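Single-structure report; data block below.
Number of protein chains: 2
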Amino acid sequence: MKYLHTMVRVTNLDASIDFYCNKLGLTELRRHENPGGRFTLVFLAAAGDTDAQVELTYNWDPEAYSGGRNFGHLAYAVEDIYATCQRLMDGGVVINRPPRDGRMAFVRSPDNISIELLQRGQALPPAEPWASMPNIGAW
Amino acid sequence: MKYLHTMVRVTNLDASIDFYCNKLGLTELRRHENPGGRFTLVFLAAAGDTDAQVELTYNWDPEAYSGGRNFGHLAYAVEDIYATCQRLMDGGVVINRPPRDGRMAFVRSPDNISIELLQRGQALPPAEPWASMPNIGAW
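First to last, the sequence lines map onto chains A and B. The first sequence begins at -3 in the numbering used here and counts up by one. The second sequence begins at -3 in the numbering used here and counts up by one.
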């Protein structure tokens, strides 16, 4: 038995690719357009860890995607949590839970999917602007 | 960068372990009880694929966990989709989307998390009772 992916639905494919790839740092592996079913599937993964994927489902006919409490978050280890959060923040993403401890942060996707970022290995030494940055919203 | 886990919240830890481990076939890797925070975390994974995990969060103070449409499902490849579905069905789990095609099935966790099962490799030859089993509910 083997984990394949976590599927999330997205309302705007371009905004989602921008978030998951350009800002978060995942890589697009493959894309499947299904004109009959009027949907597009995009499979993403961390480079070098392509077995564990995220599947984005984009339905061409608009639908509003609310969140629920039974799903919590997707978690990724990152090489430098400050660099990742800086790239996200520079891209306009709210850092809901800044990495004040050099170890853990939370952000949300454009469709409100909570993403946990964990520093790989040891926590980084506390550093500004993160150390004094307050929480924003929920995650 | 590396995928770590997908976190889901559960209302009943015993029922969830029974579903995810005894019926679905995942293995409990570790458990962390936090009496101060009044929560328990349980990390699960497919045996032999322990890098990609599911984190169950059980909050000791009851809360109702509804679902949302932004999260879709968790997907696993299985060795024998008929055997997995039989074990789930014998355990009282509704097979929402039976593997009529020998390839794909959907079930739901006790907290309504949708789980996709995909036959590893080639689809199995169509076989009863699956081939003529209707869909039940949504997934």
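For every residue, glycine included, the Cβ atom is placed at its ideal position computed from N, Cα and C. All of these numbers come straight from a predicted model, not from anything done at the bench.
>> By DSSP's criteria, residue -2 of chain B is part of a beta bridge. Which residues make up the other side?
In response: Answer is A:73, bridged to residue -2 of chain B.
> Checking contacts by CB at 8 Å: is residue 3 of chain A closer than that to chain B?
Replying inline: Taking 8 Å as the threshold, the shortest C-beta distance from residue 3 of chain A to chain B falls below it.
> Got a sec: is the Cβ-Cβ distance from residue 77 of chain A to anything in chain B below 8 Å?
Replying inline: Chain B, which has no Cβ nearer than 8 Å to the Cβ of residue 77 of chain A, makes this no.
> How many Å lie between residue 43 of chain A and residue 20 of chain A at the Cα?
Replying inline: Cα-Cα distance, rounded: 12 Å.
> Are residue 177 of chain A and residue 74 of chain A close, meaning C-beta to C-beta below 8 Å?
Replying inline: What is shown of chain A runs -3 to 135, which leaves residue 177 of chain A out entirely.
>> If distances are taken between C-alpha atoms only, which option among B:46, B:55, B:47, B:101 comes closest to residue 12 of chain B?
In response: The shortest Cα separation from residue 12 of chain B among B:46, B:55, B:47, B:101 belongs to B:55.
> Would residue 71 of chain A count as contacting chain B if we go by Cβ distances under 8 Å?
Replying inline: Judged by the 8 Å Cβ criterion, residue 71 of chain A is in contact with chain B.
> residue 81 of chain A: which of A:63, A:8, A:126 sits nearest, CA to CA?
Replying inline: Looking only at A:63, A:8, A:126, the smallest Cα-Cα distance to residue 81 of chain A is reached by A:126.
> Is the Cβ of residue 74 of chain A closer than 8 Å to any Cβ of chain B?
Replying inline: Any Cβ of chain B closer than 8 Å to the Cβ of residue 74 of chain A would place that residue at the interface, and such an atom is present.
> Tell me the DSSP bridge mates of residue 35 of chain B?
Replying inline: Assignment of beta-bridge partners to residue 35 of chain B by DSSP yields B:30, B:55.
>> For a cutoff of 8 Å on Cβ pairs, would you count residue 36 of chain A as touching chain B?
In response: Chain B contact via Cβ: absent.
>> Just checking: is the beta-carbon of residue -3 of chain B within a distance shorter than 8 Å of some beta-carbon in chain A?
In response: The beta carbon of residue -3 of chain B falls within 8 Å of a beta carbon belonging to chain A, placing the residue at that interface.
>> Strictly below 8 Å CB to CB, what residues from chain A border residue 61 of chain B?
In response: The answer, in chain order, is 64, 65, 66.
> By DSSP, does residue 80 of chain B sit in helix, in strand, or in coil?
Replying inline: DSSP places residue 80 of chain B in helix when its eight states are reduced to three.
> In chain order, what residues of the stretch 19 to 32 of chain B put their CB closer than 8 Å to some CB of chain A?
Replying inline: Within the stretch 19 to 32 of chain B, the qualifying residues are 21, 22.
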